[in-house]
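Counting from 1 along the sequence shown, just add 439 to a position and that's the residue number in this note's numbering.
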Amino acid sequence: MSASPLLGIETEEVTNRGNRGYSITGRLAPGVTLEGAQASMNVVAQRLASTYPQNWPDLAGSGRRLTLVPESDTRVPPKFRGPTLGFFALLMGMAGLVLLICCANVASLTLARATGRLPEIGVRLSLGASRRRVIRQLLTESSMVALLGGAIGVLIAIWATRAMMAFQPPVPVRLAIDLSLDTPVLLFSFAAAMGTGILFGIAPALRASRPDVLGLLKGNSARLQLGGRRRSLQSMLVVSQVTMSLSLLVAALLFLRSLQSVAAIDPGFRMDRLLIAELVPPPGTERTANYAQVMVQVQEKLEKAPGVVGVTAAGSVLLGLEGRMRRGTTVEGDRRRDGEDMEFHMNRVGPGYLKTMGIALVEGREFSTTDNATSPGVVMVSEAFARRFWPDQRALGKRVSFQGDDGPFLEIIGVARDGRYVSLSDQPVPYMFVPLLQEPRRFAVHLRASGSPRDLTGVLLSAVSEVGPGWSVTNTRTMDEEAGTSLLPQRVAASVLSLFGMAALALAAIGLYGTVAYSVAARTREIGVRVALGARRGDVVRLMLREDVVLTAVGLAIGIPAAWGVSRLLAGFLLGATSGNAVAFVGAGLLLAGTSLLASWIPARRAASLDAMRALRSD
């Protein structure tokens, strides 16, 4: 019994053993485990490999597998699962960097604040408070601040997730993503807040709990009571902020430059002024006959419509999420080698497809209305396909088959210019075009407009209603929107990383500002002495800036190799721009250095304006 009537698909798609474009959903029988069902599928796969040796081997020459996976693992399509998980891992890693920068900032400011509280801590210790009690008090304070920040963060997350769930990206199917906060997420947020509060509050607490009590009681609180160790710890925190901020800024700039470089990529076809829409037949109609008849009639009617420059049809849309069909191919006279991938991307297209899409025809001819189900089978291939199998010969007249060595064979009648038909991020790959009239399937109408493509929507609806009563037009969009869908991960990453980069830059600036401001407060008497002895405002500013300039330079020096490593991890997500883009590194370094200098200059300038007599009287 054929499965075609049950599945509602054409017979050839089911009987073609090289067609592996379907996933089957089933329910396990009571008492059957996934492992037991997989063992049964392994037996079926072995039988298929021995029965159909031409269509069933993988690249290694062994039989392919039938893999069973839980339903929960298929909610993201398998071919998108790896990139999707990698994309979210990237965002999680960058969010972790922002968290570390924030924690380092808080630790640095807490250390400065604890030093300012040394007189209070000295009094507590002199009155009998134990060091453990002082540490517990300081850790409690830092933990409460962290919990308060975590609570505010959860409120912001609730608002942000609601906004994200309401957003629908321009993809052919509606996405339903559950981003609501649940108990595990809230517990993780609580643990993260408490952990960071304790982890990054313990170092300042340990330092502040060991002051020179006798010196403090004598009134020496203006001195740097924690000495070189405090300054070393604070310097290390500042350097770490600069290092991590540079990595985030480089990542954000790489993605932004990657999106800019897309405009310079030649996809091999024209994307402007092109309207695309799916045509769906009424239920219960005989698909094969109706697809061919309606396609030809709709195309003939639209060609005469005003504002239409060109019209054609295709089974898949270039650069689309569903336009990555591959088919096992046998080339006449070519012997398949072990490990050779003989599955190639293909598309079913209507008459005049190359002309309407703006794809150059290198040699031969393209399809016409005479290339139908009653005529000999034909095919067009890309330059990359022709170079692979006939590098020193003309491809015209050569033959290929999708059914194995015994045919039937399709004659190559045209060679099309190479293009990035599958993805803008990939180089041109061997590609095939099959006449849609010889393999009638569902199709999308492609309309080239003389003006705005959206203006042709009404013309298309009218033509379809006249030619095919009961047929509906769905998923209308422009080619620019379709291409934008393929760039959605890069656009989201660029936006999110830009926010992360700006947040990291602001945090680093706050940390440097706090460091210099504290240094000014601690060295007020010294500054007064220098001014009284004739130091100029510029001398005082340079004195206050010197340390932070050195720390920024050290952070940038350490951050460049770290940022280069991050850029290598991002290479698979970038389009056009190389992972070691010098402009991104230089731009991020200059932006971070300039921001750091400004953040340090503000308190340094205030120090240069101090009144000498008032500074000398300060404690």
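Beta carbons are placed, not taken as given, at the ideal position from N, Cα and C, and that holds for glycine.
Output needed for residue i: all residues of its chain with C-beta closer than 6 Å, excluding positions within five of it in sequence on either side, in chain order.
| i | result |
| --- | --- |
| A691 | L936, S937 and G940 |
| L445 | Model confidence at L445 stands at a pLDDT of 49, short of 50, so the residue's coordinates are unreliable; what they give is reported in the following sentence. For L445, where only same-chain residues beyond five positions count, there are no Cβ hits under 6 Å. |
| V719 | S911 and T913 |
| S1035 | L951 and T991 |
| F806 | P790 and P874 |
Excluding the 5 residues flanking residue i on each side, which residues of the same chain have their C-beta closer than 8 Å to its C-beta?
| i | result |
| --- | --- |
| Y952 | A1038, S1039, I1041 and P1042 |
| A933 | A691, F694, L695, S697 and L698 |
| F828 | V770, D773, A834 and K837 |
| F848 | E771, G816, R838, V839 and S840 |
Do you know offhand how far residue i's Cα is from residue j's?
| i | j | result |
| --- | --- | --- |
| G589 | V756 | 45 Å |
| H784 | A716 | 22 Å |
| A823 | G789 | 22 Å |
| L578 | C541 | 17 Å |
| R1045 | D978 | 13 Å |
| V482 | F627 | 44 Å |
| R765 | S862 | 14 Å |
| R975 | V955 | 19 Å |
| L800 | W1003 | 42 Å |
| G791 | R776 | 36 Å |
| A546 | I997 | 20 Å |
| G666 | Q673 | Bear in mind that the predicted position of G666 carries a pLDDT of just 48, short of 50, making it unreliable; the figure below should be weighed with that in mind. Computed Cα separation, rounded: 11 Å. |
| Q866 | G858 | 8 Å |
| E739 | G754 | 18 Å |
| D780 | T768 | 9 Å |
| F872 | T915 | 23 Å |
| W910 | V931 | 36 Å |
| L900 | A596 | 43 Å |
| A855 | M819 | 7 Å |
| D621 | G640 | 28 Å |
| V989 | Y860 | 50 Å |
Closest to residue i by CA distance: which of the options is it?
| i | options | result |
| --- | --- | --- |
| V537 | S1006, T635, A902 and P1000 | T635 |
| L698 | F527, G846 and L927 | L927 |
| R787 | L625, P879, V955 and S862 | P879 |
| L539 | V482, V1022, R486 and M683 | M683 |
| G749 | L793, F872 and L473 | L793 |
| L995 | L645, A631 and V681 | V681 |
| L946 | L625, L676, V861 and R975 | L676 |
| A812 | W598, Y730 and L530 | Y730 |
| G803 | M764, R765, D780 and E850 | E850 |
| D711 | R775, R1007, G797 and D780 | G797 |
| E510 | R466, T991, V1022 and S840 | R466 |
| A632 | R930, V593, L620 and A902 | V593 |
| S889 | A703, F527, A744 and A602 | A744 |
| D919 | G973, A476, H885 and A943 | H885 |
| I463 | W1003, S479, G907 and L505 | L505 |
| Q845 | V903, Y491 and R486 | According to the sequence as given, residue 845 is Asp; it is not Gln. For the residues V903, Y491 and R486, the minimum Cα distance to D845 belongs to Y491. |
| T991 | L1013, V980 and A948 | A948 |
| N544 | T622, S581 and R969 | S581 |
| S864 | A1010, L876, L587 and S569 | A1010 |
| G525 | S807, R563 and F1012 | F1012 |
| A488 | I852, M480, L718 and R503 | R503 |
| L645 | I574, A599 and L638 | I574 |
| T795 | L758, V735, R709 and T913 | R709 |
| S904 | L564, P721, G973 and T809 | P721 |
Starting from residue i, trace the alpha helix (DSSP H) in both directions and tell me its first and last residue.
| i | result |
| --- | --- |
| E779 | E779 -> no alpha helix (DSSP H), and no H or E assigned at all. |
| T917 | Segment S911 to T917 is the beta strand (DSSP E) holding T917; no alpha helix (DSSP H) there. |
| E878 | Run containing E878: none; DSSP gives neither H nor E here. |
| L793 | Y792 to M796 |
| A812 | That residue, A812, is in no alpha helix (DSSP H); it is neither H nor E in DSSP. |
| L467 | Counting along the chain, L467 falls outside any alpha helix (DSSP H), and DSSP gives it neither H nor E. |
Between which two residues does the beta strand (DSSP E) harbouring residue i extend?
| i | result |
| --- | --- |
| G767 | R765 to G767 |
| T751 | V747 to A753 |
| R838 | R838 to S840 |
| S821 | V817 to S821 |
| V989 | Unbroken run through V989 is the alpha helix (DSSP H), R976 to L1009; no beta strand (DSSP E). |
| V903 | Unbroken run through V903 is the alpha helix (DSSP H), T896 to V906; no beta strand (DSSP E). |
| A716 | L713 to V719 |
| F848 | F848 to A855 |
| G803 | L800 to G803 |
Just to confirm my understanding: we take residue i, look at its own chain, exclude 5 residues before and 5 after, and list those with CB closer than 7 Å. What are they?
| i | result |
| --- | --- |
| V689 | A1002, V1005, S1006, A1023, F1024 and A1027 |
| L895 | L714, G746, V747, L886 and A888 |
| R571 | none |
Between residue i and chain C, is any beta-carbon pair separated by less than 9 Å?
| i | result |
| --- | --- |
| T808 | This model lacks chain C altogether, as it is built from one protein chain only. |
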